[in-house]
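Taking it in order: structure first as structure tokens, then the write-up.
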């Protein structure tokens, strides 16, 4: 069976020797629901470069944000996998493996402006002109052929701000994610800042994510929160403190 799998992988490589780099753009668009694109793709599927970009949910605008290059590693065929290494200006970004059992990403170290990623999300609150720097890291994240993933990841948002509130800095936040065969658990913690956001949530295949937490800070400033949180924020007796529940009304 292992020899057959190796033969099949080699056959696929030979069949796709002339595959253009634009196939990666199609792959990014398909797997992210058109949220991510690869612009100016040049070269081949095996070695090339382009610019990673985010598209808003309606596809009306595209924001380029990361120059990207990739190189295929043929030695991984001996392990029964197709492997690419991705870099940005020579800095390692990720290693991607594809095999008969699914796909995996290792050594993920991605840095991006907050608005580049958040603007591609469908919820209205994601289009509030968010600013700051996002760091996404994962030592290993693997997804089986059925799409259920396992692994650990960490998202760090430094200098969170919004264009709706010029001159105000919210803080630095950390999200830790654990996945086990498609079941996700995540926590949100405030590292530093005048607006404190803490809580935990979960997500299961085919179900909307759930989140329960609290947010606190300047009472006058946060009084605008219920109007933009889509019913997810409920005031408490303590001024400047709100409970957060998603989906709205859940407990």
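Numbering (my numbering), first residue to last: -14 to 236. Even glycine gets a Cβ: it sits at the ideal position worked out from N, Cα and C. Bear in mind the structure is a predicted one, so any value in this text is a computation, not a measurement.
Helix, strand or coil for residue 111? Go by DSSP, reduced to three states.
Position 126 of the chain shown, counted from the first residue, corresponds to residue 111. Helix, per DSSP.
For my contact list, residue 203 and residue 177 are in at a C-beta cut-off of 8 Å; report their separation, rounded to the angstrom.
As a position in the chain shown, residue 203 is number 218, starting the count at 1. As a position in the chain shown, residue 177 is number 192, starting the count at 1. The pair is not a contact, with the Cβ atoms about 16 Å apart (cut-off 8 Å).
Have a look at the DSSP bridge pairing and note the partners of residue 142.
By one-based count along the chain shown, residue 142 stands at place 157. Paired residue(s): 119 and 158.
Between 38, 169, 33 and 141, which has its C-alpha nearest residue 189's C-alpha?
Mapped onto the chain shown, residue 189 falls at position 204. Comparing Cα-Cα distances from residue 189 to each of 38, 169, 33 and 141, the minimum goes to 169.
One question on the structure: do residue 66 and residue 83 come within less than 8 Å of each other, judged by their Cβ atoms?
Residue numbering aside, residue 66 sits at position 81 when the chain shown is read from its first letter. Residue numbering aside, residue 83 sits at position 98 when the chain shown is read from its first letter. Contact: yes.
Using 8 Å for Cβ pairs, my map puts residue 102 next to residue 119. What's the rounded Cβ distance?
What you label residue 102 is simply residue 117 of the chain shown in a count that begins at 1. What you label residue 119 is simply residue 134 of the chain shown in a count that begins at 1. With a Cβ gap of about 6 Å, residue 102 and residue 119 count as contacting.
Roughly how many angstroms lie between the CA atoms of residue 57 and residue 49, to the nearest whole one?
Indexing the chain shown from 1 puts residue 57 at position 72. Indexing the chain shown from 1 puts residue 49 at position 64. Using only the alpha carbons, I get a separation of about 24 Å.
Okay, do the region 156 to 163 and the region 131 to 138 touch, 3+ Cβ pairs below 8 Å being the bar?
A contact exists between the region 156 to 163 and the region 131 to 138.
Using the three-state DSSP reduction, which class does residue 151 fall into: helix, strand or coil?
Taking the first residue of the chain shown as position 1, residue 151 is located at position 166. Residue 151: coil per DSSP, three-state reduction.
Provide the residue span of the alpha helix (DSSP H) that contains residue 59, from first to last.
Position 74 of the chain shown, counted from the first residue, corresponds to residue 59. From DSSP, residue 59 is part of no alpha helix (DSSP H); its letter is neither H nor E.
State the beta-bridge partners of residue 96 as determined by DSSP.
Looking up residue 96 in the chain shown gives position 111. Note: residue 96 sits in a beta bridge opposite 120.
Assuming the contact rule is C-beta atoms closer than 8 Å, residue 117 and residue 99 should be a hit. Round their C-beta distance to whole Å, please.
Position 132 of the chain shown holds residue 117. Position 114 of the chain shown holds residue 99. So it is a contact: roughly 4 Å between Cβ atoms.
Residue 177 bridges to which residues according to DSSP?
Within the chain shown, numbered from 1, the residue matching residue 177 stands at position 192. Partner(s): 157.
In the DSSP assignment, the beta strand (DSSP E) including residue 131 goes from what residue to what residue?
Translated into positions along the chain shown, residue 131 becomes position 146. Here residue 131 belongs to no beta strand (DSSP E), and DSSP marks it neither H nor E.
In the structure shown, what three-state DSSP assignment does residue 210 receive?
Within the chain shown, numbered from 1, the residue matching residue 210 stands at position 225. It is helical.
Please classify residue 106: does DSSP put it in a helix, a strand, or coil?
Here residue 106 refers to the residue found at position 121 of the chain shown. Of the three classes helix, strand and coil, the one that applies to residue 106 here is coil, per DSSP.
Kindly give me the distance between the Cβ atoms of residue 23 and residue 9, rounded to whole angstroms, as I take these residues to be in contact under 8 Å.
Along the chain shown, one-based indexing puts residue 23 at 38. Along the chain shown, one-based indexing puts residue 9 at 24. Their Cβ separation, rounded to whole angstroms, is 5 Å, which keeps residue 23 and residue 9 in contact under 8 Å.
Is it buried or exposed for residue 16, if we count other Cβ within 10 angstroms and need 16 for buried?
Position 31 of the chain shown, counted from the start, is the residue given in the question as residue 16. So residue 16 counts as exposed.
Buried or exposed: residue 208, going by 16 or more other Cβ atoms within 10 Å of its Cβ?
Locating residue 208 in the chain shown gives position 223, counting from the first residue. Exposed.
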